[in-house]
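Residue numbers (the numbering used here): 7 to 255.
The beta-carbon is built from N, C-alpha and C at its ideal position, and this holds for glycine as well.
Small disclaimer: the values here were computed from a predicted structure and weren't measured.
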Ligand code: 13P
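This is the structure:
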């Protein structure tokens with residue numbers, strides 16, 4: 007049985023005052039079936055970790071460098087994020103692929119660093135609108151899966167997030183059939199590459215305009231084990247509705 011995962015990606019949003027939202031989430035009565043992850047900006051991570059320490063909420067990073075230490079001014083390593091309290095690290099988000107020219111090979115190298123550090127990588131992938139309209143979605147996802155995931159992935163150190171670029175921050179969401187098609191495809195590819203045991207144990211998240219009012223429908227789709235949520239994770243009240251919807255599936 008895969009545990010469900012409700013993950014919030016705060017992106018470049020959040021000052022010290024935003025931790026009040028995390029405090030609310032940490033104090034909520036959540037069932038033990040659903041893992042909850044908040045990835046605040048790195049500046050808030052250690053305060054967030056301290057605040058959520060006695061709760062069901064885990065905290066994580068939004069990116070890391072592929073090296074563990076070294077002369078890389080301005081970068082942060084997986085080990086540093088772990089030291090600050092991170093349990094998981096998002097990698098390969100489409101915003102990083104676009105803003106920082108990250109390609110699958112970089113993401114794979116970063117994932118190796120995350121695995122070495124004993125943390126879990128949440129590796130993101132997704133097609134652009136042009137790729138969707140040209141009917142290339144599965145080819146794109148297949149390439150990103152093959153290119154960005156290291157060979158030593160397991161159900162513990164890897165989570166895959168399917169985030170169609172055109173659905174991020176737009177209010178547009180694929181149909182449930184489209185989400186199901188991609189998630190079933192990812193599951194089949196993982197089973198083929200890693201064997202049924204590992205392939206079935208990796209959690210698959212959907213991300214892109216998940217909101218309180220569409221979460222339950224999305225969570226009803228097969229092979230959707232949770233969500234990676236941007237905007238709706240910034241307010242505890244919204245994110246709690248999404249957590250509750252996941253818990254109820
Ligand atoms: P939104 O939920 O704001 O569309 O963002 C999704 C996302 O990019 C999460 O990583």
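Check: In angstroms with no decimal places, state the Cα-to-Cα distance between residue 265 and residue 179.; Outcome: The question about residue 265 has no answer here: the residues shown for the chain are numbered 7 through 255.
Check: Run through DSSP, which three-state label would residue 106 get?; Outcome: coil
Check: Return the bridge partner residues of residue 127 from the DSSP annotation.; Outcome: 95, 164
Check: Can you check the segment 213-251 for any beta strand (DSSP E) of at least 3 residues that lies completely inside it and give the ranges in chain order?; Outcome: 232-235
Check: Kindly examine the ligand 13P and report whether one of its heavy atoms sits closer than 7 Å to the Cβ of residue 67.; Outcome: no
Check: Could you tell me whether the Cβ atoms of residue 248 and residue 192 are closer together than 8 Å?; Outcome: no
Check: What are the partner residues of residue 74, as DSSP defines its beta bridges?; Outcome: Residue 74 pairs with nothing; no bridge assigned.
Check: What residues are listed by DSSP as bridge partners for residue 2?; Outcome: The chain is shown only over 7 to 255; residue 2 falls outside these bounds and no answer can be derived.
Check: Can you look up residue 5 in the DSSP assignment and give me helix, strand or coil?; Outcome: What is shown of the chain runs 7 to 255, which leaves residue 5 out entirely.
Check: Measuring CB to CB, does residue 227 end up less than 8 Å from residue 186?; Outcome: yes
Check: Return the CA-CA distance between residue 252 and residue 76, expressed in angstroms with no decimal places.; Outcome: 40 Å
Check: For residue 12, which three-state DSSP category applies?; Outcome: strand
Check: Classify residue 23 as buried or exposed, calling it buried when 16 or more other Cβ atoms lie within 10 Å of its own Cβ.; Outcome: exposed
Check: Is residue 235 near the ligand 13P - that is, is its Cβ less than 7 Å away from at least one heavy atom of it?; Outcome: yes
Check: Name the two residues that bound the continuous beta strand (DSSP E) containing residue 18.; Outcome: Element bounds for residue 18: n/a, residue is neither H nor E.
Check: Does the segment 78-98 come into contact with the segment 56-65, if we say contact requires no fewer than three beta-carbon pairs (one atom in each stretch) closer than 8 Å?; Outcome: yes
Check: Mapping the DSSP letters down to three states, classify residue 132 as helix, strand or coil.; Outcome: coil
Check: Going by beta-carbon coordinates alone, are residue 31 and residue 245 separated by less than 8 Å?; Outcome: yes
Check: Is the beta carbon of residue 238 within less than 7 Å of some heavy atom of the ligand 13P?; Outcome: yes
Check: What is the DSSP secondary structure of residue 86, reduced to helix, strand or coil?; Outcome: helix
Check: Tell me whether the beta-carbon of residue 116 lies closer than 8 Å to the beta-carbon of residue 70.; Outcome: yes
Check: Pull up the DSSP beta-bridge partners for residue 6, would you.; Outcome: As displayed, the chain neither begins before 7 nor continues past 255, which places residue 6 out of reach and without an answer.
Check: Let me see if you follow: with CB-CB separation under 8 Å, is residue 98 close to chain D or not?; Outcome: The displayed structure is made up of one protein chain only, and chain D is not part of it.
Check: What number of angstroms, rounded off, separates the C-alpha of residue 14 from the C-alpha of residue 240?; Outcome: 8 Å
Check: Indicate whether residue 211 and residue 190 have their beta-carbon atoms separated by less than 8 Å.; Outcome: no
Check: Under 8 Å by Cβ, that's how I've got residue 215 and residue 171 pegged, so tell me the actual separation to the nearest angstrom.; Outcome: That belief does not hold up - the Cβ atoms of residue 215 and residue 171 are roughly 12 Å apart, past 8 Å.
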